[in-house]
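In what follows, a structure is listed as structure tokens, so that the remarks can point back to it.
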Amino acid sequence: MINPRQQNLSPELIAEYRTIPSSTIGHFSDRGFLRGIKPLFNDIRMIGNVVTVKVFPPDGSVLREVLLLSQPGDVLVIECVGDQECGCWGELRTLAGLIKGLAGVVVSGAVTDVSALRQHGLPVFCRDVSAYTTRGIGAQGEVNQPIQIGQVTVHPGDLAIGDDDGVFILAAGRAAELLPELMAKEAADQRRRAEFLQRVDSPRR
22 MINPRQQNLS PELIAEYRTI PSSTIGHFSD RGFLRGIKPL FNDIRMIGNV
72 VTVKVFPPDG SVLREVLLLS QPGDVLVIEC VGDQECGCWG ELRTLAGLIK
122 GLAGVVVSGA VTDVSALRQH GLPVFCRDVS AYTTRGIGAQ GEVNQPIQIG
172 QVTVHPGDLA IGDDDGVFIL AAGRAAELLP ELMAKEAADQ RRRAEFLQRV
222 DSPRR
């Protein structure tokens, strides 16, 4: 089943979260943290509106449909049901995602074409890598319905925040509720960081 794209987040809220590291969220709770999902490369940053996809490897046909309906700034969050060692995301889909203006991709299974994915630079988070891949063998799959990534239920229209430390998924209401505390902590941490760096850089006597 393919449902319409959902946008529950204001552009202003997304913009505010661009300054919030995932670890700052992790100081308050592990709720929404995608355990076992790792960045594919270093110096990575992702923030955007979630579009959900459920894939049944080795059939990856539904990914074409989700790329067609996605919009600039979206983050594809993909639940792989079944074979976790079958890579459902690779170079050609990454290039299509860059053309669409995706902010990133989160895969609960494996990806392939790792060297090319690192070169192209689209933020990708996943559980594993694999040379064995999906192919177009049918129309099985779901788009923009709730999916399950580990212990976290992900809904279309949620907020995805990812960086070198991992990925958090926040519902729009919770993202708005947490923001003042997160901004206050980030400002306090920046002040402490500056103080510590000043002491580190000071000549020792």
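For our numbering, add 21 to where a residue sits in the sequence shown, where the first one is 1.
Every residue, glycine too, gets a C-beta built ideally from N, C-alpha and C.
On a predicted model such as this, the values are computed, not experimentally measured, just so you know.
- The DSSP-derived three-state label of R156 is strand.
- In the DSSP secondary-structure assignment, C101 is bridged to V76.
- According to the DSSP assignment, L180 belongs to the beta strand (DSSP E) that extends over L180 to D184.
- Contact between A181 and V96 holds, since their C-beta atoms are separated by about 4 Å, short of 8 Å.
- Between D134 and T73, the alpha-carbon positions lie close to 22 Å from each other.
- A direct Cα-Cα distance of roughly 42 Å separates L84 from A209.
- Cβ contact annotation for R66 (same chain, cutoff 6 Å, sequence separation greater than five): D184, in chain order.
- The criterion of a C-beta distance shorter than 8 Å is not satisfied by V150 and W110.
- Contact annotation: the segment 166-173 does not touch the segment 30-48, with fewer than three C-beta pairs closer than 8 Å.
- Using a 10 angstroms sphere on the CB of F49, the tally of other CB atoms stays under 16, which defines it as exposed.
- Looking only at E86, G47, P177 and L119, the smallest Cα-Cα distance to R139 is reached by L119.
- A direct Cα-Cα distance of roughly 43 Å separates L199 from I158.
- When DSSP states are grouped into helix, strand and coil, E112 belongs to the helix group.
- Of the candidates K121, C147, A117 and L116, C147 places its Cα closest to the Cα of G108.
- The three-state reading of DSSP puts T45 in helix, counting H, G and I together.
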